[in-house]
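Notes for the one structure printed next.
Below you can see the structure in the form of structure tokens.
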């Protein structure tokens, strides 16, 4: 006799929180090559250092094939971790290999931090708006979110302090200080320093996500939030996805040894280790080529595309539409008049084969309906001009009537 | 004023369950090249198809570099998923690409299945003994374990049925039907069929872990447990780690579309996707080379090493020591007289620079102290002879007195 159960009910409760990322869903739509897509956060593939990577791959397998194809340590390939510790000077951080763990992209660092910290009902404080892919990672651990308003200098510190004072279950504060996703904004030096003071005072962790930090087009590099961290409260996530290649899936975490040791246990359970061969290739590349020169090429191209997109927006968009001016990164955040729903704009834009991501995807609780995110790294110049032109037509139709 | 909290207490409760895998800890000891290690589950690196992989990597980057270095879909590279669906015929399974999701090694499949299914206190039924790395993955989701005794035919089905009847919170049954880790044993056809009947009757999932299934040295391939699955209850995990290379971190899951779709959401959060380039390389390799021929070479070598290890054990071990005779895979399971503690043997063996894994690591609750696991794939013939000789001396000293 069959016992009657509903199989759906047998999944873990966390699955009620799990829904697809709007970006990943839009990626499927935008595989249609006719679509002009400002939706994803994809690097420009024409800038990948293909010839150098090809030489790198050949040399690694030639010189060290047996080790490259074998298991390696969970925390990552030591020479790469040493180089990354050294490279963190670019973020104005002094650290050691023992404070670095290699992840499969910084998405894994988001997942691991929530896995380390969050019991159901614990609170994550995040920027308003915040990166939607982080929510996709965090949601599996059933947190509550408190969003703190932001301006051109990052989170509003008075509001953050109020939230910390009133909520004892805060486990960590999630921030993207440089060229934030989705807003494109960069935190001020003062706010970086104050954030660490507050984390120390209220004894909470800061998760500092830096996928775009090296993509600066103008102005001086600011020290990472972790620069101010004297009590081991900051976990920093870095990645090669935007400065080299996302296809390799290589990122890194920087944290106190105690935290790295616990993350190591998590990684043993999650996937044992990241790809040995990808790590050895990345190490070889850093040893034999000039990644800073490569990043300068990327930044030069992305700066030109940002400039072009902003110029086109100035020309094509109704004056009621405002947008951020990012000093780096991949994204511009567009704000429509309050009465316009970005979802209507998106529907009309898709009819004209132009795609972007709705702003509401970037609010874990509920957010404004009149924003959308534009990516300027992935489309070539011609498509930027044409795409903004079509978007301008849609926006004028909706606003000028 | 500083709020006084104990930072340790701020980690999630699941971290109380997280401890390092005995295998990964032993891997660190065995990096000493003087150690004769029967501890890990490492493939023989001298068998890696280095020249073929080198050509593969060069051709993929040459022909398709931009796509290989870019983001790809969460569920994996479609041509590879199609080839894997076809290859599942070797497991006597008819399936489609939509039922396949690419993972970063089958360890990630263990993690994802527990993430999908387990709320704290839910029950996982496993073989006694079972794979310790699975516990490392599962523990993060705070399950209870019920172990079911095994014999040379797999789990004892009467005992399994009793456990299912008496426990309503069972979420899945975890099994390794072929050349089990650590025992080396293979499930009978009858038990495979009966397992699915019981899973259907009690409406629980079966997690079928097949890392060694293609490493058969003698006898006929048996159909996978999933072969008997008509109600979508079986999630099968496969991996390229043991038949090609663990360094690439590529495995796959086979399951009902509904389950694959949910796992896709989990993977979006966990790491977005596995390496695009590794997947395209694996696809290219399967297209242009004969992996079955490569697996035959691996099996021929491992069979010779198993034969040699068994011969040496027969000659060198006291007659009071028994061991399994695996028809494939990587491991032999050794049973000492009940009064001998394998930990004492391990201490003395390490003094003689011989390493293995204690049997007690393979029991989630508590297990016998008089077992250990021996790996025969990774050490060359000379080291097998010398290592078993030294182990024999230790065992005779402890047992003959």
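Protein chains in written order, with the numbering used here: chain A, 2 to 402; chain B, 2 to 402. Every residue gets a Cβ at the ideal spot worked out from N, C-alpha and C, and that includes glycine.
State the Cα-Cα distance for the pair residue i and residue j, rounded to the nearest angstrom.
i             : j             : result
residue 303/A : residue 143/B : 46 Å
residue 270/A : residue 309/A : 46 Å
residue 6/A   : residue 201/B : Interpretation of residue 6/A is limited by its pLDDT of 45, a score under 50 that renders its predicted location unreliable; the figure taken from the coordinates is listed afterwards. Their backbone Cα atoms lie some 11 Å apart in a straight line.
residue 345/A : residue 313/A : 21 Å
residue 141/A : residue 16/A  : 7 Å
residue 90/A  : residue 213/A : 16 Å
residue 210/A : residue 342/B : 48 Å
residue 125/B : residue 290/B : 40 Å
residue 198/B : residue 45/A  : 52 Å
residue 72/B  : residue 372/B : 46 Å
residue 192/B : residue 206/A : 50 Å
residue 362/B : residue 148/B : 14 Å
residue 122/A : residue 13/B  : 11 Å
residue 397/B : residue 151/B : 28 Å
residue 286/B : residue 298/A : 33 Å
By DSSP, does residue i sit in helix, in strand, or in coil?
i             : result
residue 38/B  : strand
residue 387/A : helix
residue 200/A : helix
residue 165/B : helix
residue 137/B : helix
residue 412/A : Residue 412/A lies beyond the residue range present for chain A, which begins at 2 and ends at 402; the question has no answer from this structure.
residue 110/B : helix
residue 314/B : helix
residue 6/B   : Caution applies to residue 6/B, whose pLDDT of 45 falls short of 50 and renders its modelled position unreliable; the model cannot decide the point.
residue 96/B  : coil
residue 151/B : strand
residue 123/A : coil
residue 226/B : helix
residue 175/B : strand
residue 329/B : strand
residue 395/A : helix
Answer with buried or exposed for residue i, where buried requires no fewer than 16 other C-beta atoms within 10 angstroms of its C-beta.
i             : result
residue 52/A  : exposed
residue 340/A : exposed
residue 112/B : buried
residue 230/A : buried
residue 215/B : buried
residue 265/A : buried
residue 4/B   : With a pLDDT of 44 at residue 4/B, under the threshold of 50, the predicted position of this residue should be treated as unreliable, though the coordinate-derived value follows. Residue 4/B comes out exposed.
residue 20/A  : exposed
residue 116/A : buried
residue 108/B : buried
residue 179/B : buried
residue 2/A   : Residue placement at residue 2/A cannot be trusted, given a pLDDT of 36 that sits under 50; what the coordinates show is reported in the next sentence. Counting Cβ neighbours within 10 Å, residue 2/A comes out exposed, since fewer than 16 surround it.
Within 7 Å (strictly less), CB to CB, does residue i reach chain B?
i             : result
residue 67/A  : yes
residue 4/A   : The predicted model places residue 4/A with a pLDDT of 43, which falls under 50 and marks its position as unreliable; any figure quoted below should be read in that light. For residue 4/A, the answer is yes, since a Cβ of chain B falls inside 7 Å of its Cβ.
residue 230/A : no
residue 13/A  : yes
residue 156/A : no
residue 62/A  : yes
residue 258/A : no
residue 57/A  : no
residue 46/A  : yes
residue 49/A  : yes
residue 70/A  : yes
residue 80/A  : no
residue 200/A : no
Any C-beta of chain A sitting closer than 7 Å to the C-beta of residue i?
i             : result
residue 174/B : no
residue 243/B : no
residue 21/B  : yes
residue 250/B : yes
residue 329/B : no
residue 135/B : no
residue 240/B : no
If you measure from the beta carbon of residue i to each beta carbon in chain D, is any gap under 7 Å?
i             : result
residue 377/B : Structure shown: chain D not included; protein chains present are A and B.
Does the segment 248-256 of chain A come within contact of the segment 100-107 of chain A, defined as at least 3 CB pairs closer than 8 Å? Yes: at least three Cβ pairs fall under 8 Å.
Flag this pair as touching only if the segment 322-340 of chain B and the segment 180-188 of chain B have three or more C-beta atom pairs under 8 Å; answer yes or no. As far as the Cβ criterion goes, the segment 322-340 of chain B touches the segment 180-188 of chain B, which means the pair count is three or higher.
Under 8 Å: do the segment 267-281 of chain B and the segment 73-83 of chain B share three or more Cβ pairs, one atom per stretch? The answer is yes - the segment 73-83 of chain B touches the segment 267-281 of chain B, with three or more Cβ pairs under 8 Å.
contact_flag[the segment 53-62 of chain B, the segment 373-387 of chain B] where n(CB pairs < 8 Å) is 3 or more: Using a Cβ-Cβ distance cut-off of 8 Å, the segment 53-62 of chain B and the segment 373-387 of chain B are not in contact, since fewer than three pairs of beta carbons, one from each stretch, lie closer than that value.
Examine the Cβ distances between the segment 30-40 of chain A and the segment 381-394 of chain A and report whether three or more of them are shorter than 8 Å. A contact is defined here as three or more CB-CB pairs under 8 Å, and the segment 30-40 of chain A meets this definition with respect to the segment 381-394 of chain A.
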